[in-house]
Amino acid sequence: MEIVCAWCGRELTHSEGEEAPSCGLLRSHGICEDCLESLVSGGGQPLQEFLDSLGFPVTVVSGNVEVLAANHSARILAGKNGDDVVGRLLGEVFECVHSRLPGGCGRTIHCSGCAIRRTATDTYLTGRAHRRVPATFTFGPEEVALTHDFFLSTEKVGQRVLLVIELPDEEPD
Ligand SMILES: [Zn+2]
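Numbering (my numbering), first residue to last: 8 to 180.
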């Protein structure tokens, strides 16, 4: 089946074995690399609508893991539906237990080991994509903090990083 970009009509299929140069994460979502980059760089409502159309949590972050955009699923996951999350650090948005410490997200002694920050920063600096990196996230006030395991995938688009959060499959009934 031929898949074309819903924005420009260009064919999206790659020859067998060829690694998609950049937009592999969202390849199955009907957008080509160029259109994805212009959407992500342009920001605003068109980007928001595109991200919201995806059925999984995805955020666009800077090299310092500042949230530049977050879709509906990501806001729900963070318990921030309706709140403005743009311009805040990812750890603040998801209420990482360490982001409440002096210095805040990225500046505590725990942050150098943070898989989320490490993975996103590596993608920003090297352009390398990461797929399904296991990560653990502890959020909430320290005394009642909850820990969640999930998978993280990242990809550089322009000067920004797409960050997809994948929760482990639910246990079958
Ligand atoms: Zn396109």
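All C-beta atoms, glycine included, are put in the ideal place defined by N, C-alpha and C. Since this is a predicted model, take the numbers as computed values, not measurements.
For residue i, which residues does DSSP report across the bridge?
{"i": "ALA142", "result": "PHE157"}
{"i": "HIS137", "result": "THR161"}
{"i": "ALA77", "result": "THR66"}
{"i": "GLU18", "result": "VAL11"}
{"i": "LEU96", "result": "GLU73"}
Quick one: grab the DSSP three-state call for residue i.
{"i": "CYS12", "result": "coil"}
{"i": "GLU150", "result": "helix"}
{"i": "CYS103", "result": "strand"}
{"i": "SER29", "result": "Low confidence applies to SER29: its pLDDT is 41, below 50, so where it sits in the model is not reliable, and the reading given next is rough at best. Three-state result, SER29: coil."}
{"i": "SER46", "result": "Residue 46 is actually Leu in this sequence, not Ser. Note: LEU46 maps to helix in three-state DSSP."}
{"i": "LEU170", "result": "strand"}
{"i": "GLY110", "result": "coil"}
{"i": "PRO53", "result": "helix"}
{"i": "ALA85", "result": "coil"}
{"i": "SER60", "result": "coil"}
{"i": "HIS117", "result": "coil"}
{"i": "ASP41", "result": "helix"}
{"i": "GLY24", "result": "Residue placement at GLY24 is flagged as unreliable, the pLDDT there being 49, under the threshold of 50; a coordinate-derived value is accordingly withheld."}
Does the beta-carbon distance from residue i to residue j come in below 8 Å?
{"i": "GLY111", "j": "LEU97", "result": "no"}
{"i": "SER69", "j": "ARG135", "result": "no"}
{"i": "VAL171", "j": "VAL47", "result": "no"}
{"i": "LEU43", "j": "LEU58", "result": "no"}
{"i": "VAL100", "j": "VAL92", "result": "yes"}
{"i": "LEU169", "j": "ALA142", "result": "no"}
{"i": "THR128", "j": "HIS137", "result": "no"}
{"i": "PRO175", "j": "PHE157", "result": "yes"}
With a cut-off of 8 Å on the beta carbons, I'd call residue i and residue j a contact; round off their distance for me.
{"i": "PRO64", "j": "ALA81", "result": "4 Å"}
{"i": "GLU173", "j": "ARG139", "result": "7 Å"}
{"i": "GLY113", "j": "VAL72", "result": "7 Å"}
Could you tell me if the beta carbon of residue i falls within a distance shorter than 7 Å of some heavy atom in ligand 3?
{"i": "CYS39", "result": "Among the ligands modelled here, namely ligand 1, ligand 3 does not occur."}
Could you tell me whether the segment 80–91 touches the segment 118–128, using the rule of 3 or more Cβ pairs below 8 Å? Touching, no.
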